[in-house]
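Since the structure comes first, as structure tokens, the remarks are kept for the end.
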Amino acid sequence: MARFREQRPRVIKSRSAQDLFNTAFQYHTTDLFAEIANVLGHEDDARRYASRAETVKSAFNDEFFDADAAQYGPGTQSSYAVPLYFGLVPDEHVDAVVDNLVEKVRGDGGKLQTGFLGTRPLIHTLVDHGFEEVAYEIVSQPERPGWVYMIRQNATTMWERWDSDDRIGDGMNSFNHSPFNFVSEWFYYALAGLRFDDSMHGRGSVEVAPAIVDDLDWAAGHLETVSGRLASRWERTDDGLAFEIEIPWNTTATVRLPGGDGVIVAEDGTVFWDGDQEGMLPAGVEEATLDDGDVTLTVGSGVYEFVLEN
């Protein structure tokens, strides 16, 4: 791995949105290099890049964060979402910044006010902080700007701009452009709840945490991993929810089932969680706990059929 010269990163002193995003991505890129160096076993480089990333993070917050208002830069959807997504927000301020982001989205009528840099961080951040319904409202928004609007205009490929249909000429106006394609990832990550543990680099550990949104009766998805098929399906029943989850070989999964206090959970017809306590665990289920309103299971490889009743 190439070595870099030891010097303090230059952080542009300006409160403009452009400089906020440039500095945020400077942090993100430097942090990624620290992770890459660590994976490759270059420990000295990993420490240097990590130290440099922390320097950028500190300067970023000094310049762009108003702690009293819990606001970044101009207080747009992107200026909240990008720092949250990249991990730039100090821990003690995360909840307040998330609340401001959600308030901003709702104030914008549940419509996107983001472009290439902010849209993916916005959707992921809302899901990661428990606002799956807000993320769903954005993705399913039938009016412009949004993906459903493109479909309603008979688009068969993704546009470069939210308003491509109103623009004259082909300059910066492609009707077959990739940046907004990430929304397909959201179906797997949020609705099916299929997630990898980044610390395991895609091997050995996964999380299954489906988002149960009010507007849907079911969702399903699967991925072919290096260890085999990872799949999830959920659907509403008369009494609650039913899940079918498949975990590939040589893999441990954390499965998060919603329900809260008092929920009864069975696997293949046998109750093993009754209200708030663990009973005899079925084969493959190593542990069951109640964590922040979810029944959280540690399971091994196999196919599981969980039923939740409230």
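Here the working numbering is used: the first residue of the sequence shown is 63, the next is one more, and so on.
By construction, the Cβ of each residue, glycine as well, lies at the ideal position given by its N, Cα and C atoms.
Can the beta-carbon of residue 147 be found closer than 8 Å to that of residue 91? No, these two residues do not count as a Cβ contact at 8 Å.
Report the rounded CA-to-CA distance for residue 120 versus residue 157, giving the unit in angstroms. Cα-Cα distance, rounded: 19 Å.
Quick one: grab the DSSP three-state call for residue 145. Reduced to three states, the DSSP call for residue 145 is helix.
In the structure shown, what three-state DSSP assignment does residue 256 receive? If DSSP states are grouped into helix, strand and coil, residue 256 belongs with the strands.
In whole angstroms, what is the alpha-carbon distance linking residue 299 and residue 331? Each residue's Cα considered, the two are about 14 Å apart.
With a threshold of 6 Å on Cβ separation, who are the neighbours of residue 297 within its own chain once the five nearest residues in sequence on each side are excluded? So the list reads 280 and 304, once near-sequence residues are dropped.
Length at least 4, wholly inside the stretch 91 to 156: the alpha helix (DSSP H) runs in chain order: List check, alpha helix (DSSP H) in window: 105 to 126 and 139 to 148.
Relative to the C-alpha of residue 317, which candidate in 356, 333, 286 and 282 has its C-alpha closest? It is 356.
Those residues which DSSP pairs with residue 307 across a bridge: BP columns for residue 307 point to 294 and 366.
Express the C-alpha separation of residue 244 and residue 237 in angstroms, rounding to a whole number. Each residue's Cα considered, the two are about 16 Å apart.
For residue 206, which of helix, strand or coil comes out of DSSP? In the structure shown, the three-state DSSP call for residue 206 is coil.
Local conformation of residue 85 per DSSP, three classes: DSSP places residue 85 in helix when its eight states are reduced to three.
Helix, strand or coil for residue 191 per DSSP? Reduced to three states, the DSSP call for residue 191 is coil.
Residue 372: buried (16+ other C-beta within 10 angstroms of its C-beta) or exposed? Under the 10 Å beta carbon count, residue 372 is surrounded by fewer than 16 other beta carbons and is classified as exposed.
Where does residue 307 land, buried or exposed, given buried means 16+ other C-beta within 10 angstroms? It is buried - the Cβ of residue 307 has at least 16 other Cβ atoms within 10 Å.
Less than 6 Å between C-beta atoms, sequence neighbours within five positions excluded: which residues of the same chain meet that for residue 93? Taken in chain order, the residues that qualify are 115.
Buried or exposed, going by whether 16 or more other CB atoms sit within 10 Å of the CB of residue 109? With fewer than 16 Cβ atoms within 10 Å of its Cβ, residue 109 is classed as exposed.
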